[in-house]
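Presented below is the structure to which this report refers.
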Amino acid sequence: MQRLRDAERTNIYNEFIQYENEIMTGVVDRQDFRYVYVNLGRIVAGMAKQDQIPTEEYLPDQRIKVLVSKVDNTTKGPQIFVSRTHPDLLKRLFEQEVPEIYDGVVEIVSIAREAGDRAKVAVRSNDANLDPVGTCVGPRGQRVHNIVEELNGEKIDIITWDADPVKFITNALAPAKVEEINIDEEEKIANVKVKDDQLSLAIGKKGQNVRLAAKLTGWKIDIKAVE
Numbered sequence: 033m034q035r036l037r038d039a040e041r042t043n044i045y046n047e048f049i050q051y052e053n054e055i056m057t058g059v060v061d062r063q064d065f066r067y068v069y070v071n072l073g074r075i076v077a078g079m080a081k082q083d084q085i086p087t088e089e090y091l092p093d094q095r096i097k098v099l100v101s102k103v104d105n106t107t108k109g110p111q112i113f114v115s116r117t118h119p120d121l122l123k124r125l126f127e128q129e130v131p132e133i134y135d136g137v138v139e140i141v142s143i144a145r146e147a148g149d150r151a152k153v154a155v156r157s158n159d160a161n162l163d164p165v166g167t168c169v170g171p172r173g174q175r176v177h178n179i180v181e182e183l184n185g186e187k188i189d190i191i192t193w194d195a196d197p198v199k200f201i202t203n204a205l206a207p208a209k210v211e212e213i214n215i216d217e218e219e220k221i222a223n224v225k226v227k228d229d230q231l232s233l234a235i236g237k238k239g240q241n242v243r244l245a246a247k248l249t250g251w252k253i254d255i256k257a258v259e
């Protein structure tokens with residue numbers, strides 16, 4: 033019996049280790065003060081507090097898409113942890129919705145995400161004739177709409193990646209319009225100037241826009257009004 037149990041545990045571990053960092057659809061089983069438990073078929077996975085979207089309510093028998101973030105082989109058998117907040121969940125959702133990303137024609141370069149609220153995704157095209165942003169948005173915005181719906185209304189800004197940091201930072205701060213950027217390559221600091229009426233838009237609610245832009249580009253961004 034023990035050998036059978038060990039063999040079964042090994043089988044489950046070998047099956048799920050292949051899904052690490054991939055999306056799976058599960059059913060909410062139950063929850064306690066530490067985890068939401070998600071049934072993935074042969075095993076129930078745990079979704080910790082930091083992996084739960086703060087604005088979401090998880091109800092028994094609800095079907096949800098999760099990222100398999102970690103697969104552990106413990107003495108008690110395999111333990112699987114899943115996430116709804118991980119940036120890679122967003123990446124995998126784009127791969128499912130946008131064939132050009134899955135095929136490698138359009139590439140996601142970086143993602144900055146505050147789960148449940150807003151995310152910025154930088155994309156580039158390996159085909160000069162293909163607009164990477166338009167491809168990800170889809171006809172009438174359908175592709176990105178499906179992802180927003182899956183994430184319960186999380187706002188997603190799709191921007192064009194650029195090798196030139198000035199252009200990339202300018203794109204990342206959208207929808208705000210930038211007047212001027214001076215960069216310090218050594219310190220990786222960008223001093224950005226915007227018009228007075230663009231200042232609050234550039235900084236964003238509680239600093240969210242500039243915070244996500246900094247995370248997306250890897251630059252420290254300091255914003256001031258031209259005036």
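Residue numbers (my numbering): 33 to 259.
Glycine included, every Cβ here is placed at the ideal spot set by N, Cα and C.
When you compare each of the options to residue i by their alpha carbons, which one comes out closest?
i      : options                           : result
THR192 : GLU181, ILE213, ALA160 and GLU211 : ALA160
LYS209 : ARG156, ASP196, LEU233 and LYS247 : LEU233
ASN214 : ASP196, GLN230, ASP229 and HIS118 : ASP196
VAL76  : VAL114, TYR90, GLN230 and GLU52   : VAL114
GLY239 : LYS227, GLY250, ASP254 and VAL153 : ASP254
ASP149 : LEU205, ILE188, LEU162 and LEU121 : ILE188
VAL153 : THR202, ILE140, PRO164 and ASP163 : ILE140
ILE201 : ASN178, ILE179, ARG243 and CYS168 : ARG243
PRO92  : LYS252, PRO207 and GLN63          : GLN63
According to DSSP, which residues form a beta bridge with residue i?
i      : result
THR57  : LYS97
GLY109 : THR106
ILE190 : VAL153
ASP216 : ILE221
SER142 : ALA154
ARG62  : TYR69
ALA257 : VAL226
SER115 : LEU99
Let's test the definition: count the other Cβ atoms within 10 Å of the Cβ of residue i and tell me whether it reaches 16, buried, or not, exposed.
i      : result
ASP83  : buried
ALA204 : buried
GLN230 : buried
ILE221 : exposed
MET33  : exposed
GLY166 : exposed
THR249 : buried
LEU36  : exposed
GLY58  : buried
GLU40  : exposed
GLU219 : exposed
For a test of the three-state rule: what should DSSP assign to residue i, helix, strand or coil?
i      : result
ASN71  : strand
ASP120 : helix
ALA77  : strand
LYS252 : strand
THR42  : helix
ILE201 : helix
GLN18  : For the chain, the structure presents residues 33 to 259; residue 18 sits outside this window and is missing.
PRO164 : helix
GLY239 : helix
LYS247 : helix
GLN84  : coil
GLU211 : coil
GLU129 : helix
Per the contact definition of three or more C-beta pairs closer than 8 angstroms, is the segment 137-144 in contact with the segment 170-186? no
I'd like to know if the segment 77-97 and the segment 180-188 are in contact, where contact means that at least 3 CB-CB pairs between them fall below 8 angstroms. yes
Stretch pair the segment 111-130 + the segment 92-103: three plus CB contacts closer than 8 angstroms: yes
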